[in-house]
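In the working numbering, the protein residues as written are 1 to 1094.
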């Protein structure tokens, strides 16, 4: 007996597939269950009950059993049976029943339940075969899995909610963007009219809309899950749209069901009447039973006939549904699916239509619930994906994280470099102080209208970033952008909108602009840039494009770096009459192009890294009366023509990296010369005429074969840089003291045995500016000699030689005619250190936090000059690296960089571990990291309070706690950077004042706790120091200028302080000069702490 509940297995094996079953498949499945019930019921009865009951027939007429004798029959009948007379027993009856059932009962009546079962199973198999077939089941399973995830995704809810917001309030977007009005519309039309090459299709570029709706907030995990869904949908769509096997299999199984329906109706209708209750059975078993003719009853016949009629009616209904399904499939194009209605209802007008199996499955889903397709469509839209990408970007790139990446470039401009992102984070446009924006390897990015918030933006870099732009954003850049750098592989990557930047004055193009790649005529738009003054091309041109010549009419500077490709045709240069600077770098030039000589406005010519062997044409330069700079470096020039003397206005001459063996004395007729670079040649001497160049400030003869310096060289009193490295010098003249303006002297790579003590008279020469081997440098009076001279300690000193080596005699500050103390001999360093023990920092391992900027950076540089071994911590890795390089330039060992945010406990532990692992000890801890936050008790929320206290107090406590065991071993010292705000009360910076008061108390407490272990702890309390901390706290340029102006009144010395002044105080407290000082909060505030309100 089969329980009815087991039948659900046939229709519910994969509940997840139910969404792919349209109503007809669901209905036919239920019909199949009923058919199965009929089959099971009939089969059960047939098994459990007697199949047939038979009795012998006494009256047989024409082989037909009669119940009584009828005299009308003409054939005489035998009134009584003939044969053996006996009664049948039970076994004989059973035998007769079995034989008659097997031989005389009609096969349809006999096998009806089994036929119903067989047909029903075939129907079920046809209905569910596409779920089981290997080539289709994997696609269906994957599709259902993705569909359900898309349906339940929070991103789907957010995206559709935004659509509802837009439909209910069409003005919302205008309000959210804050810059869309009639004027914006006008700007958009104006932009499109002025740039005919720009696409004018109806898109976001035309609308200029950026959605900042806050409907629904996704956390980072949900955003990443939605991003993964987009990738899955893309791959699945690509895979499924390749074929239509699912569609073909479904239509075939539907056809099979229709054929099966016709077959069942035909034969069951024909054979159903053969199910009869009474059956005559004529069998040849008379020898066994004594009778040949039997009359049998089929007990289930009536019930089977009723079931058969009911079954036929079910099959008719089933068949009609299958016919409807087949006609629906043939009538409609199920291999194409359009999202037109969804596009009209939502803001996602870019949802693509799909085809083949993808389309068919969506059609089937619509029969279950159209909402599934609507929610699924969100993940087919690029607009939706871009919004999600933007949201994930915004979650990842917070304003604070972006501020940490802002650096200052070589032009002292604030610069942000974004590399390999999926777009531009919206938080970028909150960096209103930004001046330079670099975008590199961002393949799909659209510049939004909110770029207008970057009012200081003047320069953009697009490196392998074919950016699109919205009309309002383009209108803003047209007015504000001055410089644009573009790097590309294919010329088609150059955005066409750049040619409408009417105020663009500087354009840099780096990429393949050869004739083969220039067939797209993309750069012809350069003619539209009427205000372009500087054009830089880094490419592989064989000749100048005509458009460059046309633009050159108003260019002031043209730079071509040809990457070693020979630039042959340069006659068109003659037309660029307004050029003041010309650079032809790596153009494989063998002679100076004659076309240059007609450019009478030229002030600078750069022919770097060509193949020049002779420069006889230089005589023609005398017609270029404005020429002040000539760069002929990195060539093959063997000699300098005597005509060089005709260039009397020349101020800078670069002849380094050539093969020059002799300098003609005519060169020194150029009396205005300020810069002369002859390094890396084959010179053996410097002509004595060098003394006539009284304006000379820079002279480089590095890597030549010079053996001696002419005395006339020291007549160049304005000389600031003198590079003499890698020559054959054996000694230096004592007249070096006459070069009082000297700031850099390179001597490394010579044969020197010592340095003249007169170098001390070069007051501007710092230790970092003296480049020489350590053993040579140690011949000076003190290791810190140059640094001390530069700091002013030797101001007024007189230097004398004597038999013991040297003498330093102090000046006469009193005017009495009596000199001060004299210090003699090689004991200078030992005796001098008694006067200034700050030199004790030499070799001390010092950990400085906040070293990437401000006081921390200044302290790092000073400690480097004093010989400390540094470990630097800071959040801005780029700035930290720059500071480290400055420290190295001061002669210090390469600092250990341990960047990171000290509010992270793991970072703090890692910092201490790395310092000890690298140096093996710790002598000095400088806690300089801190932030300033504006706010009163009314405006400072708990988040801001926690942030200030975490950075300014908690991180200091944690780092000090971990460093103390190591400081005890070395009897080291701690210097905390506090503030005058910790000693005096100021409104508007409540949390900051509290944090600095805590640092002062912390300093005094640990000073007492560690005194017995000979570890000193002090703090400096600066007043207003000129750093970036106030701007980071929210002051703009004008407010900061007013703030500094006010410092003239609030500080007793009438000015704000400098970073170096605080750094010197820190160095004092950290050194042996303060061995009896601990627990001090030293004000370095220009008297601010002593003043009362006025």
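We put the CB at the ideal spot given by N, CA and C, even for glycine.
- For residue 37, the enclosing alpha helix (DSSP H) stretches over residues 23-48.
- Here residue 453 carries a helix assignment [DSSP, helix/strand/coil].
- Minimum Cα-Cα distance from residue 387 among the listed residues 417, 134, 445, 418 corresponds to 445.
- The alpha helix (DSSP H) runs lying completely inside the region 876-942 and spanning 4 residues or more are 877-889, 905-919, given in chain order.
- Note on the region 646-730: whole beta strand (DSSP E) runs with a minimum of 3 residues are 652-654, 675-677, 698-700, 721-723, in chain order.
- DSSP, read as helix, strand or coil, puts residue 869 in strand.
- Residue 849 sits in coil when the DSSP states are folded into three classes, being neither helix nor strand.
- The straight-line gap separating the alpha-carbon atoms of residue 695 and residue 1024 is approximately 40 Å.
- For the pair residue 567 and residue 582, the CB atoms are not nearer than the 9 Å cut-off.
- A residue is called buried once 16 or more other Cβ atoms fall within 10 Å of its Cβ, and residue 564, having fewer, is exposed.
- Nearest to residue 1083 by alpha-carbon distance, out of 1072, 1065, 1076, 1071, is 1065.
- Contiguous alpha helix (DSSP H) elements confined to the region 137-161 do not occur, taking only those with 4 or more residues.
- Around the beta carbon of residue 381, 16 or more other beta carbons lie within 10 angstroms, which makes this residue buried.
- Here residue 89 is exposed. Its C-beta has fewer than 16 other C-beta atoms within 10 Å.
- Closest in C-alpha terms to residue 940, from the list 905, 991, 906, 161, comes 991.
- By alpha-carbon distance to residue 765, the top candidate from 746, 472, 750 is 746.
- 9 Å or more divides the Cβ of residue 628 from the Cβ of residue 661.
- Partner residues in the beta bridge of residue 1083, as assigned by DSSP, are 1021.
- Residues 389, 392, 393, 442, 444 of the same chain have their beta carbon placed closer than 8 Å to that of residue 422, with the five preceding and five following residues left out of the count.
- Rounded to whole angstroms, the Cβ separation of residue 934 and residue 989 is 6 Å, and the two are in contact under 8 Å.
- Beta-bridge analysis with DSSP links residue 297 to 53, 278.
- The three-state secondary structure of residue 554, taken from DSSP, is coil.
- Sequence-distant Cβ neighbours of residue 352 in its own chain, meaning closer than 8 Å and more than five residues away, are 339, 380.
- Straight-line measurement puts the Cα of residue 428 at about 12 Å from the Cα of residue 395.
- Residue 64 is classed as exposed because its beta carbon has fewer than 16 other beta carbons within 10 Å across all chains shown.
- Collapsing the DSSP output to three states places residue 392 in a helix.
- When secondary structure is reduced to three states using DSSP, residue 361 falls in the helix class.
- Take the alpha-carbon of residue 247 and the one of residue 335: they are about 8 Å apart.
- Contact check for residue 700 against residue 678 passes: the beta carbons are separated by less than 9 Å.
- For residue 508, the enclosing beta strand (DSSP E) begins and ends at 506-510.
- A Cβ-Cβ separation of about 6 Å places residue 365 in contact with residue 19 under the 8 Å criterion.
- Within the same chain, Cβ atoms closer than 8 Å to the Cβ of residue 957 are found at 1002, the five residues on either side in sequence being excluded.
- When DSSP states are grouped into helix, strand and coil, residue 534 belongs to the strand group.
- The residues 608, 609, 657, in chain order, have a CB closer than 7 Å to that of residue 634 in the same chain once the five nearest residues on each side in sequence are set aside.
- Per DSSP, the continuous beta strand (DSSP E) segment holding residue 419 begins and ends at 414-419.
- Looking only at 755, 145, 760, the smallest Cα-Cα distance to residue 778 is reached by 755.
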